[in-house]
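Chains E and P, in that order, are what the protein sequence lines are. Everything in the first sequence is counted per numbering that gives the first Met the number 0, starting at 0 for the first residue and increasing by one. Everything in the second sequence is counted per numbering that gives the first Met the number 0, starting at 0 for the first residue and increasing by one. Beta carbons: idealized from backbone N, C-alpha and C, even for Gly. As structure tokens, the structure follows; a few thoughts come after it.
Number of protein chains: 2
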Amino acid sequence: MAARQMIIGMHLGNGYGNLPGAWRAPSVDPQSYTSFDAKVRHAQAAERGKLQFLFLPDGPTHVGDLANEPPHFNLDVMVTLAAVARETKRIGLVATGSTTFNEPFNLARQFKALDVMSHGRTGWNAVTSSGEDVAANYGRRLPSSADRYARAHETVQLVQTLWGSWGKDAWVHDQASGRFANAEQVAPVNMSGKFVASRGPLYIPPSEQGQPVLFHAGGSPNALELAGRFASGVIGAAFTIDDARTQRAAFRASAERAGRNPDEIKFFAGLMTTIANSRREGLDRRITLSGRTFTQRASYLGQMLGLRLDPARLDEPLSPEQLAGARPSPGDPRSVQALKIAREGWTLRDVLAHGVIDYHPVIVGPAVHAADHMQEWFEAGAVDGFWVSPDIYEDGVDAFVEGVVPILQARGLFHREYDGATLRHHLGAPTQYGIDPRLAL
Amino acid sequence: MAARQMIIGMHLGNGYGNLPGAWRAPSVDPQSYTSFDAKVRHAQAAERGKLQFLFLPDGPTHVGDLANEPPHFNLDVMVTLAAVARETKRIGLVATGSTTFNEPFNLARQFKALDVMSHGRTGWNAVTSSGEDVAANYGRRLPSSADRYARAHETVQLVQTLWGSWGKDAWVHDQASGRFANAEQVAPVNMSGKFVASRGPLYIPPSEQGQPVLFHAGGSPNALELAGRFASGVIGAAFTIDDARTQRAAFRASAERAGRNPDEIKFFAGLMTTIANSRREGLDRRITLSGRTFTQRASYLGQMLGLRLDPARLDEPLSPEQLAGARPSPGDPRSVQALKIAREGWTLRDVLAHGVIDYHPVIVGPAVHAADHMQEWFEAGAVDGFWVSPDIYEDGVDAFVEGVVPILQARGLFHREYDGATLRHHLGAPTQYGIDPRLAL
Ligand SMILES: Cc1cc2nc3c(=O)[nH]c(=O)nc-3n(C[C@H](O)[C@H](O)[C@H](O)COP(=O)(O)O)c2cc1C
Ligand SMILES: Cc1cc2nc3c(=O)[nH]c(=O)nc-3n(C[C@H](O)[C@H](O)[C@H](O)COP(=O)(O)O)c2cc1C
Chain E
0 MAARQMIIGM HLGNGYGNLP GAWRAPSVDP QSYTSFDAKV RHAQAAERGK
50 LQFLFLPDGP THVGDLANEP PHFNLDVMVT LAAVARETKR IGLVATGSTT
100 FNEPFNLARQ FKALDVMSHG RTGWNAVTSS GEDVAANYGR RLPSSADRYA
150 RAHETVQLVQ TLWGSWGKDA WVHDQASGRF ANAEQVAPVN MSGKFVASRG
200 PLYIPPSEQG QPVLFHAGGS PNALELAGRF ASGVIGAAFT IDDARTQRAA
250 FRASAERAGR NPDEIKFFAG LMTTIANSRR EGLDRRITLS GRTFTQRASY
300 LGQMLGLRLD PARLDEPLSP EQLAGARPSP GDPRSVQALK IAREGWTLRD
350 VLAHGVIDYH PVIVGPAVHA ADHMQEWFEA GAVDGFWVSP DIYEDGVDAF
400 VEGVVPILQA RGLFHREYDG ATLRHHLGAP TQYGIDPRLA L
Chain P
0 MAARQMIIGM HLGNGYGNLP GAWRAPSVDP QSYTSFDAKV RHAQAAERGK
50 LQFLFLPDGP THVGDLANEP PHFNLDVMVT LAAVARETKR IGLVATGSTT
100 FNEPFNLARQ FKALDVMSHG RTGWNAVTSS GEDVAANYGR RLPSSADRYA
150 RAHETVQLVQ TLWGSWGKDA WVHDQASGRF ANAEQVAPVN MSGKFVASRG
200 PLYIPPSEQG QPVLFHAGGS PNALELAGRF ASGVIGAAFT IDDARTQRAA
250 FRASAERAGR NPDEIKFFAG LMTTIANSRR EGLDRRITLS GRTFTQRASY
300 LGQMLGLRLD PARLDEPLSP EQLAGARPSP GDPRSVQALK IAREGWTLRD
350 VLAHGVIDYH PVIVGPAVHA ADHMQEWFEA GAVDGFWVSP DIYEDGVDAF
400 VEGVVPILQA RGLFHREYDG ATLRHHLGAP TQYGIDPRLA L
């Protein structure tokens, strides 16, 4: 057996990239938000890099300041992945779908149809949804976390039961004998819980991986329990190796408590990238595109560091007095990294351009820096891999694929070729046929 | 102006065709049910014939005898049309979606995303769903017709409001100025009815036709009222010219009552086709593939004609005594046609092979017979066009496109080329931007 290698996913969001100003880059079609061509192009770039999966987040809601920034998500994750499925061959397709605001039968049908269409490459990031803005789109208030997770447990089990309702060999389609299906291998479902119910069966035969694979994203104790029972992949967020290692261990322990082998649950940390020839070049790229958000961000950074930072003085480094008086917020792991960068003597603008108040660790600079970061976290047992969010999809996916991937491959940390065709294979998750007898509402 | 021409849609169901045995035909890939390649191929064939739209019905439920027959519908209509949208250019894409078993926000999002992806070719066949089997997939009993249609009125209005929430010029995406959207042209929704609600807005800009176009299918007074208010197309069913003319007039009158121009609602009758060099050849094709259902159908035909028909004597014509004693069921318009064919002296097997107890008129034989039927109905003012359901998609779409279409074109009854790119254009329906002020829950 080869040494353990990391698994890498690519974030696919609004068509532009993780920089708020990505849509204004000269290389970018400003209509990428509605361009399925653009999304296919970005997915194909990730597939050239042999990445194991695409990850599509979803609210569904509009987030942000529409006058200046695009919405954060895809128009529709299933329609997007259907386009991508037809024009890629190997890469896994993981879409977020809310257990709170969808009917289980509709979730089951769409994800299984996509799984069949993609020949076994589909994953469902089952989330409970948070935010009153999402709930308001459905004319409701957000249910309590307890109710959302109770519904999620029921929904996942019902969906997996519907997925398994055609057994492995149920679909005969023998033209000579005229036998279409082995009806005895098509099981009724008849599940009824407190929140959801369905008689089933679903009318879709197994895919090449049996059924879609489950992901989860969330860090609360409720999330840990749900993922421990059902998830093969966790879309995580961590700013430090220690934090990631703690989270990964918690998910593994939760899987063990649920009677599973802990290696069956993979933890992926987020990583944002601006790959450039030099750090300076990368910082300039970020300043050009998103510098206008820095005035507001300066005061936020000030709070993180316990300082009053003057947004009018973005071109100056922090003064020795400021550096000496800084009190990094203990509740925010980003503040330590921010102070470290400020101490290197960068101007306030450059400090902000490092992405120090972004949602995930940000690499700005040469590909080898990203590779080093990934190697360090991986070898420390902090992650099973990463989901990578490039600054601009249009060239940032290529920059990652052409810059970072070959370094990881040369170091033996990442595979050189897809050696299987399904997402379960890419993740090392077993195929799943039929109905798991433990599923019960 | 050219003379009025008919509009033709193509039924796209389970991947095989309307014959229960279509999946066994030698030309057919028996895995077409799960083959998106097959569905794309059939759609492309319809587009070669310049047909205005594809129509995808949906339950969603499994119907029929799985051991011997495939399910009737697509794995998932939206995933199927997403594949088709990417690989066709002009043909309209009409999918059925239930107003009873979907969240309006989810319907709005998926249909608008498909509309954007297809560059303005999408239609929503908004149905209320019937059948306890569908409701059971959602763990429920079927609501009363009154409640289903009340919810449908609310749902359609909410969905159309969400579709219109980005005004025509809301999406600026000007890279130079950094203006992404004109937020003043993005309207809140804030609709709340008895059954559904949403705050909105949806986060999807207009497509090339503004927003998807509405279809309806159903014949009850409730259906008539819903379609009259909202539908641009009606997927109809009629066995005779008189019946179709009455239905069409009723839909037109309903549109007028709703304050619309009656020409804005188009009535399409179903037509099933087995196009063959001769009637004999067509009958044989049908017998080979679906003859095993005839034993059961013989007794059903007997009921329609008020006769005891012996399923053991499929190879004999009806006797003169039987023909004389036949009493065509007055409630079933098919019985007249069935008796007419029986009187032509065909064997019982051949009578059944004419499709006399199918759901729509069936043409078996040379293309010109189909063209004559279509011309007669169209010129009688019974229809604005047809939705055509071929016996076997794999070659039946081509047979229609290569046989029937050129005859209709030569007679000036059907266009020779798409002269527009959107479904609204194909239907003569006006584009729709922004929120119609009449929409209110
Ligand atoms: C990296 C990451 C990605 C997430 N992606 C999504 C998403 O796409 N959609 C969503 O509704 N929630 C997403 N979540 C939010 C979680 O589902 C969850 O709602 C949130 O973390 C609150 O935690 P709790 O629900 O476990 O209390 C994500 C969370 C993390 C950590
Ligand atoms: C030609 C035709 C096609 C139809 N297609 C569908 C369909 O795809 N899905 C569906 O749920 N109902 C479909 N219906 C059924 C109607 O939506 C409706 O439920 C049925 O006609 C009962 O009428 P009512 O609901 O108006 O009382 C169709 C009806 C007709 C006439």
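So if DSSP puts residue i in a beta bridge, which residue, or which two residues, is it bridged to?
i, result
"E:ASP173", "E:ARG178"
"P:MET271", "P:VAL361, P:SER388"
"P:ALA196", "P:SER191"
"P:LYS265", "P:GLY232"
"E:PRO316", "E:THR346"
"P:ALA248", "In the DSSP output, where bridge partners are listed per residue, P:ALA248 has none listed."
"E:VAL185", "E:TRP165"
Where residue i and residue j are concerned, what is the direct C-alpha to C-alpha distance, given to the nearest angstrom?
i, j, result
"E:LEU300", "E:SER318", "15 Å"
"E:LYS339", "E:ARG285", "19 Å"
"P:HIS359", "P:GLY235", "10 Å"
"E:ARG312", "E:GLU280", "21 Å"
"P:THR95", "E:VAL361", "45 Å"
"P:ALA439", "P:SER206", "23 Å"
"P:ASN13", "P:PRO70", "7 Å"
"P:MET5", "P:VAL400", "15 Å"
"E:ARG423", "P:ILE356", "47 Å"
"P:HIS425", "P:LYS265", "11 Å"
"E:TYR417", "E:ALA381", "24 Å"
"P:GLY209", "P:TRP386", "24 Å"
"P:GLU46", "E:ARG348", "55 Å"
"P:GLN159", "P:ALA107", "8 Å"
"P:MET9", "E:ASN276", "54 Å"
"E:PHE110", "E:PHE52", "15 Å"
"P:GLU378", "P:ALA2", "11 Å"
"E:ASN17", "E:PRO220", "28 Å"
"P:GLY354", "P:SER129", "25 Å"
"P:ALA216", "P:SER328", "25 Å"
"P:VAL195", "E:ASP114", "31 Å"
"P:GLN336", "P:SER289", "20 Å"
How would you list, in chain order, the residues of chain P whose beta-carbon sits under 7 Å from the beta-carbon of residue i?
i, result
"E:SER197", "ASN136, TYR137, GLY138"
"E:TYR202", "HIS61, PRO70"
"E:THR99", "Within chain P, no residue comes near E:THR99; the closest Cβ sits about 11 Å away, beyond 7 Å."
Could you list which residues in chain P have their beta carbon closer than 9 Å to that of residue i, in chain order?
i, result
"E:ARG178", "ALA66, ASN67"
"E:GLN174", "TRP22, ARG23, ALA24, PRO25, VAL27, PRO29"
Ends of the beta strand (DSSP E) at residue i?
i, result
"E:SER97", "91-97"
"P:GLY217", "Element bounds for P:GLY217: n/a, residue is neither H nor E."
"P:PHE442", "Beyond the ends of chain P as shown, which are 0 and 440, falls residue 442 of chain P; an answer cannot be given."
"P:VAL126", "121-126"
Starting from residue i and walking both ways along the alpha helix (DSSP H), at which residues does that stretch end?
i, result
"P:PHE7", "Reading the sequence as shown, one finds Ile at residue 7 of chain P and not Phe. Run containing P:ILE7: none in the alpha helix (DSSP H); it sits in the beta strand (DSSP E), 6-10."
"P:VAL158", "144-162"
"E:ASN105", "103-116"
"E:ALA44", "35-47"
"E:ILE286", "278-289"
So residue i contacts chain E; which residues on that side make the cut at Cβ distance below 9 Å?
i, result
"P:ASN124", "Correct list: empty, because the minimum Cβ distance to chain E is about 17 Å."
"P:LEU11", "By Cβ distance, chain E contributes nothing, its closest Cβ being about 14 Å from P:LEU11, past 9 Å."
Residues of chain E with a CB under 7 Å from the CB of residue i: which are they?
i, result
"P:SER191", "GLY138"
"P:GLU102", "PHE100, TYR137"
Exercise for the section: Measuring from each Cβ to the nearest heavy atom of ligand 3, keep the ones under 7 Å and list them in chain order. Expected result: Ligand 3 is not part of the structure shown, which contains ligand 1 and ligand 2 as its ligands.
Problem - Segment contact flag, the segment 306-315 of chain E with the segment 362-378 of chain E, C-beta cutoff 8 Å, min 3 pairs - result: no
Practice task
Flag this pair as touching only if the segment 163-178 of chain E and the segment 432-439 of chain E have three or more C-beta atom pairs under 8 Å; answer yes or no.
Solution key: yes
Practice task
Mind the definition here: the segment 83-101 of chain E touches the segment 51-60 of chain P only if three or more C-beta pairs lie below 8 Å; say whether that holds.
Solution key: With the cut-off at 8 Å, the segment 83-101 of chain E and the segment 51-60 of chain P do not touch.
Problem - the segment 131-144 of chain P contacting the segment 75-93 of chain P, beta-carbon criterion three pairs below 8 Å - result: no
Practice task
Determine, using beta-carbon pairs with one atom in the segment 78-85 of chain P and one in the segment 39-57 of chain P, whether at least three such pairs fall under 8 Å.
Solution key: Yes: the two stretches touch, three or more of their Cβ pairs being nearer than 8 Å.
Practice task
Check whether the segment 228-248 of chain E touches the segment 31-39 of chain P, counting contact only when three or more Cβ pairs, one atom from each stretch, lie closer than 8 Å.
Solution key: no
Problem - Inter-stretch contact at 8 Å, needing at least 3 Cβ pairs: the segment 141-152 of chain P / the segment 221-230 of chain P - result: yes
Handout entry: Inter-stretch contact (C-beta, 8 Å, three-pair minimum) for the segment 259-277 of chain P and the segment 342-349 of chain P
Key = Output reads no: the segment 342-349 of chain P does not touch the segment 259-277 of chain P.
Practice task
Decide if the segment 390-409 of chain P is in contact with the segment 176-185 of chain P; the criterion is three or more beta carbon pairs, one per stretch, under 8 Å apart.
Solution key: Segment contact: the segment 390-409 of chain P against the segment 176-185 of chain P, fewer than three CB-CB distances shorter than 8 Å; contact not assigned.
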